[in-house]
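A.B. asks:
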Amino acid sequence: MLTVFLDHRGATPLYEQIYRHVRASIESGELTEGTRMPSKRELAASLEVSPVTVETAYAQLVAEGYLRSKLRSGHFVNPLGDRLATVPITHAPTATEPEPNAAPAFDLSTNAFDASLFPYTVWTKLIRATLSESPVGLLTAGHPQGSFALRKEIARHLADYRGIHADPGAIVVGAGSEYLTGLLVQLFGRTSLYAVEDPGYPKIARIVASNGGTSVTIPLDLAGLDVERLRGSKADIVHLTPSHQFPTGIVMPIGRRRELLAWANEDRSRYVIEDDYDSEFRFAGSPIPALQGLDGSGRVVYMNSFTKSLAPALRVSYMVLPEALLARFRVDLGHVACTVSNIEQETLARFMREGRFERHLARMRTAYRMRRDALLKAFHASPLERRIAVSNVDAGLHFLMQVDCGKTERELVDAALRAGVRLAGLASYRVVIDPQARPSVVIGYGGIPLDRVDRAVAALALAWE
34 MLTVFLDHRG ATPLYEQIYR HVRASIESGE LTEGTRMPSK RELAASLEVS
84 PVTVETAYAQ LVAEGYLRSK LRSGHFVNPL GDRLATVPIT HAPTATEPEP
134 NAAPAFDLST NAFDASLFPY TVWTKLIRAT LSESPVGLLT AGHPQGSFAL
184 RKEIARHLAD YRGIHADPGA IVVGAGSEYL TGLLVQLFGR TSLYAVEDPG
234 YPKIARIVAS NGGTSVTIPL DLAGLDVERL RGSKADIVHL TPSHQFPTGI
284 VMPIGRRREL LAWANEDRSR YVIEDDYDSE FRFAGSPIPA LQGLDGSGRV
334 VYMNSFTKSL APALRVSYMV LPEALLARFR VDLGHVACTV SNIEQETLAR
384 FMREGRFERH LARMRTAYRM RRDALLKAFH ASPLERRIAV SNVDAGLHFL
434 MQVDCGKTER ELVDAALRAG VRLAGLASYR VVIDPQARPS VVIGYGGIPL
484 DRVDRAVAAL ALAWE
């Protein structure tokens, strides 16, 4: 039986103590590949805790790739360097999504935003306080890397919630992740070859091209970006979303993350751009640790933004540069002015410093969890229930849904739009199409009010019958 010494009076939750012990035992080699873990009831009885406590710990270990679950067989230790096979795919033209002339009745797209969740009253109050305390400084040119006050708060937030220990001096603030990606292409150079996920965020390859660079696409398997395909591509730089892959929602397990870091360490010119897109929203277990937190060699550029957590119009993003890159940035791009207003930066810094950002995130998580749950409940109660399969619903503000009702993916998207529902097919995020794949759509719930969920699903059921 697994031996774990629990501190029942400590501040750390019991499930997290179990999770940490098992993870450490796997990483140290004490628990080897293929080892069968005690059942949840056995371990709960041994430790004198609730089976739910053990189940929560096991679920987090499965989410991070340390364990795998087999139906009616239990939980087993995963190999740390596990590689998963990909499905053969063939090239096809990129699918495009039609632009409607008018706003749809129901918006299930991934970029939809519910403005009612923004803290207007608090934000207005903080802007006034910011303007009254330092009006002159706000109107002058700021530091090229952004407000030090904001960078200090970002560093604190990353240490507390993402396991990243970043010096404020290593953080660069910019107006959107697209802008910061463009700076990185200038920093790495046009002769570098850039790898992007497929399916993935379509703008990344366009940004690389618009800055004179060249990119290649790397397919995904069940564990995320295929590192063997990456190695064969001869790419120097890879951009990816490991904690909640966009748009599939795949969480890259620990074994694949270590493979990726090993790839980066094979050549001094290689770097990983970790886009931690919507990582703030995880609804089961603890947040997945950032890839940058595992990097001990300075090969990962961490990137995130406040687009999903506050508002798209705020246009505040940031990146954490490794030491070697930071030195190059200051020499090559230190003359470039920060593109975010001083007023917005200082207001956001105050918002974070007063603890309002964490409280706001907690409210947002509750609101989005309710919408996700309502959508899943509505779909499973609808005539579509036997024709759909949803996946990766535990994080982010969208999930993937396969639909088998005799329509192509393009027909599903068009029929939904005619019924007043905007959503996107998975093909609109692909460069390469798998001809064997079932039609799939991406369901976003960041912009649909809770009281409109049932009507949106009813409209889809009629459109897809």
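Be aware that the sequence shown starts at 34, since it is given in my numbering, and climbs by one per residue.
By construction, the Cβ of each residue, glycine as well, lies at the ideal position given by its N, Cα and C atoms.
I need the straight-line Cα distance from Y462 to A44, nearest angstrom please.
C.D. replies: When rounded, the distance between both Cα atoms is 43 Å.
A.B. asks: Return the CA-CA distance between W296 and S302, expressed in angstroms with no decimal places.
C.D. replies: About 11 Å.
A.B. asks: What does the Cβ neighbour count give for E442, buried or exposed, with the cut at 16 atoms within 10 Å?
C.D. replies: By the 10 Å Cβ count, E442 comes out buried.
A.B. asks: Could you give the first and the last residue of the continuous beta strand (DSSP E) run that contains L100?
C.D. replies: L100 -> beta strand (DSSP E) spans L100 to K103.
A.B. asks: Going by the CB atoms, is the gap between A188 and A174 shorter than 7 Å?
C.D. replies: Cβ atoms of A174 and A188: not closer than 7 Å.
A.B. asks: Might you give, ordered along the chain, the residues of its own chain that have their beta carbon closer than 7 Å to the beta carbon of S266, omitting 5 neighbours on each side?
C.D. replies: So the list reads A228, V249 and I251, once near-sequence residues are dropped.
A.B. asks: Assuming the contact rule is C-beta atoms closer than 8 Å, S499 and V446 should be a hit. Round their C-beta distance to whole Å, please.
C.D. replies: Nothing in the structure corresponds to residue 499, since the chain is present only between 34 and 498.
A.B. asks: Tell me the DSSP secondary structure of A199 in three-state form.
C.D. replies: A199: coil per DSSP, three-state reduction.
A.B. asks: Applying the criterion that 16 or more other CB atoms from any shown protein chain within 10 Å of the CB defines a buried residue, is R239 buried or exposed?
C.D. replies: The residue in question, R239, is exposed, as its Cβ has fewer than 16 Cβ neighbours within 10 Å.
A.B. asks: Work out the CA separation of A256 and N111 for me, nearest whole Å.
C.D. replies: Looking at the two C-alpha atoms, the distance is approximately 12 Å.
A.B. asks: Helix, strand or coil for I421? Go by DSSP, reduced to three states.
C.D. replies: I421: strand per DSSP, three-state reduction.
A.B. asks: For F109, report the span of its beta strand (DSSP E) as first-last.
C.D. replies: Its beta strand (DSSP E) spans residues G107 to V110.
A.B. asks: From which residue to which residue does the beta strand (DSSP E) around M70 run?
C.D. replies: Element bounds for M70: n/a, residue is neither H nor E.
A.B. asks: Considering only C-alpha positions, which residue in the set L39, G429 and L327 is nearest to L294?
C.D. replies: The shortest C-alpha separation from L294 is found at L327.
A.B. asks: Secondary structure at R383, three-state DSSP: helix, strand or coil?
C.D. replies: Helix.
A.B. asks: Under the DSSP definition of a beta bridge, which residues are partnered with M397?
C.D. replies: Beta-bridge pairing links M397 to no other residue.
A.B. asks: Roughly how many angstroms separate the alpha carbons of M336 and I306, rounded to a whole number?
C.D. replies: In a straight line, the C-alpha of M336 is about 7 Å away from that of I306.
A.B. asks: To the nearest angstrom, how far is it from the Cα of H368 to the Cα of A448?
C.D. replies: Rounded to the nearest angstrom, the two C-alpha atoms are 50 Å apart.
A.B. asks: Assign G388 to one of three DSSP states: helix, strand, or coil.
C.D. replies: In this structure, G388 counts as coil in the three-state DSSP scheme.
A.B. asks: Where DSSP assigns a beta bridge to H329, which residues make up the other side?
C.D. replies: The identity of residue 329 in the sequence shown is Gly, whereas the question assumes His. Its beta-bridge partners do not exist; DSSP assigns none.
A.B. asks: If you drop the 5 nearest sequence neighbours on each side, which residues of the same chain put their C-beta closer than 6 Å to that of L359?
C.D. replies: The answer, listed in chain order, is A203.
A.B. asks: According to DSSP, simplified to helix, strand and coil, what is Q435?
C.D. replies: Here Q435 sits in strand by DSSP.
A.B. asks: State the beta-bridge partners of M352 as determined by DSSP.
C.D. replies: In the DSSP output, where bridge partners are listed per residue, M352 has V205 and M336.
A.B. asks: Can you name, in chain order, every residue of its own chain whose Cβ lies under 7 Å from the Cβ of L100, other than the five neighbours on each side?
C.D. replies: These residues qualify, in order along the chain: M70, Y91, L94, H108, F109, V110 and N111.
A.B. asks: Check the DSSP bridge columns for H176 and list the partner residues they point to.
C.D. replies: Paired residues: none, contrary to the question.
A.B. asks: Going by CA-CA distance only, name the one from S102, P280 and T274 that's closest to V333.
C.D. replies: It is T274 whose Cα lies nearest to the Cα of V333.
A.B. asks: Using 8 Å as the threshold, is the region 425 to 433 in touch with the region 310 to 324, meaning 3 or more CB pairs across them?
C.D. replies: Yes, the region 425 to 433 is in contact with the region 310 to 324.
A.B. asks: Can you tell me which of H41, A491 and T163 puts its alpha carbon nearest to the alpha carbon of T86?
C.D. replies: Considering only alpha carbons, the answer is H41.
A.B. asks: Where does P322 fall in DSSP's three states?
C.D. replies: It is coil, neither helix nor strand.
A.B. asks: Which residues share a DSSP beta bridge with D140?
C.D. replies: Paired residues: R455.
A.B. asks: Would you call the CB atoms of V82 and L35 closer than 7 Å?
C.D. replies: Result no, Cβ atoms of V82 and L35 do not sit closer than 7 Å.
A.B. asks: Just confirm the distance between the C-beta atoms of V235 and L450, as a whole number of angstroms; I'd bet it's less than 8 Å.
C.D. replies: Val is not the amino acid found at residue 235; the sequence shown has Pro there. In fact, because the Cβ distance is near 19 Å, the residues do not count as touching under 8 Å.
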